[in-house]
Amino acid sequence: MRGRHLTLALLATAALGTSACQTVQTTAPGAVGIERKQRMLISEEQVEAGAQEAYAQEKAKAQQQGKLNSNSALTSRVRNVAQRLIPQTGVFRSDAPNWEWEVNTLTTDDLNAYCMPGGKIMVYTGLVEKLKLSDAELAAVLGHEMAHALREHSRERISRAYAQQLALAGVALVTGAGQNVVDLANMVASVTFQLPHSREQESEADIMGLELMARAGYDPNAAVSVWKKMLQANSSGPPEFLSTHPSPQTRIQDLQALVPKVMPLYERAKS
Ligand SMILES: [Zn+2]
Numbered sequence: 001m002r003g004r005h006l007t008l009a010l011l012a013t014a015a016l017g018t019s020a021c022q023t024v025q026t027t028a029p030g031a032v033g034i035e036r037k038q039r040m041l042i043s044e045e046q047v048e049a050g051a052q053e054a055y056a057q058e059k060a061k062a063q064q065q066g067k068l069n070s071n072s073a074l075t076s077r078v079r080n081v082a083q084r085l086i087p088q089t090g091v092f093r094s095d096a097p098n099w100e101w102e103v104n105t106l107t108t109d110d111l112n113a114y115c116m117p118g119g120k121i122m123v124y125t126g127l128v129e130k131l132k133l134s135d136a137e138l139a140a141v142l143g144h145e146m147a148h149a150l151r152e153h154s155r156e157r158i159s160r161a162y163a164q165q166l167a168l169a170g171v172a173l174v175t176g177a178g179q180n181v182v183d184l185a186n187m188v189a190s191v192t193f194q195l196p197h198s199r200e201q202e203s204e205a206d207i208m209g210l211e212l213m214a215r216a217g218y219d220p221n222a223a224v225s226v227w228k229k230m231l232q233a234n235s236s237g238p239p240e241f242l243s244t245h246p247s248p249q250t251r252i253q254d255l256q257a258l259v260p261k262v263m264p265l266y267e268r269a270k271s
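Using the working numbering, read the sequence shown as starting at 1 and increasing by one per residue.
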């Protein structure tokens, strides 16, 4: 039933053509002042349904391999940091603190972490262990990934891919991706694992993540040190996290410049 419902919704979109494109403000600006409007071709509900399915698949795969939350100390550490960050998301969107957040770890040497739409977080143990992340550095990574979800960057990426498809194939929606939950899950997975975010989205996630960590009482300077660690790790071939997160040198400078802006939030949260 759900698939049918989604198909009908998308056919309605097709009937309206690209003019059905919706311009939205996903988040409030916060202290850092992010105000970019985004063009969306599919609904938040559709993307979240796809994300739930994609995340369930990732968890099941990890579980089968005995790699889901297999390091319980590390998992509870990651969860504790996430639990401090989640209430802060309300600054940017009032619905977010009540999302069905999930925080899990995958045992692997890869350096990666992601937050799928709707708050489905996975942290790879290699990232925490190989880079020897402090809690504040972990908060920087989590804040960055959570910001992608708050800003609905995946929905925006899928919408862009979808618009290109529409432009190329006219009314190819009937056979195009995104008709049902399985297709949407595949699209969320490919956005999460294959397609890099745009420079603009990365910068937004850095900026918003910095405010989230500061408000949660984590020293925002750790956002700078974590990216320096990533750069160093980069010498032995690009880690996965970097291949989907371009231009580390520039972002380190940008983050450094922004730290003073969120410092008062950190000082207030600390006291
Ligand atoms: Zn990112």
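Using N, Cα and C, we set each Cβ at its ideal position, and we do this for glycine too.
Consult DSSP for residue i and reduce its assignment to one of helix, strand or coil.
i	result
K132	coil
T125	helix
A28	coil
G118	coil
R155	helix
Y162	helix
R281	Residue 281 falls outside the range modelled here, since the chain spans only 1 to 271, and no answer is possible.
A14	Reliability of the predicted coordinates at A14 is poor, the pLDDT of 46 falling under 50, and the value obtained from them is presented with this limitation in mind. In the structure shown, A14 sits in a helix (DSSP, three-state: H, G or I).
P87	helix
S76	helix
Terminal residues of the continuous alpha helix (DSSP H) containing residue i?
i	result
V259	P248 to K270
N186	V181 to F193
S225	N221 to A233
Between which two residues does the beta strand (DSSP E) harbouring residue i extend?
i	result
L212	Note, L212: premise wrong, no beta strand (DSSP E); alpha helix (DSSP H) at R199 to R215.
Q22	Q22 to V24
N104	E102 to L106
Starting from residue i, follow its DSSP beta bridges and name the residues at the other end.
i	result
A113	V123
Thinking residue i and residue j are a contact (beta carbons under 8 Å), I'd like their distance in whole angstroms, please.
i	j	result
L231	P220	Not confirmed; about 18 Å, so no contact.
R157	L195	6 Å
P117	E48	5 Å
L265	L85	The pair is not a contact, with the Cβ atoms about 13 Å apart (cut-off 8 Å).
Requested in this report: Identify every run of the alpha helix (DSSP H) within the region 34-73, keeping only runs that are complete inside it and at least 4 residues long; order them along the chain.
Outcome: 44-64
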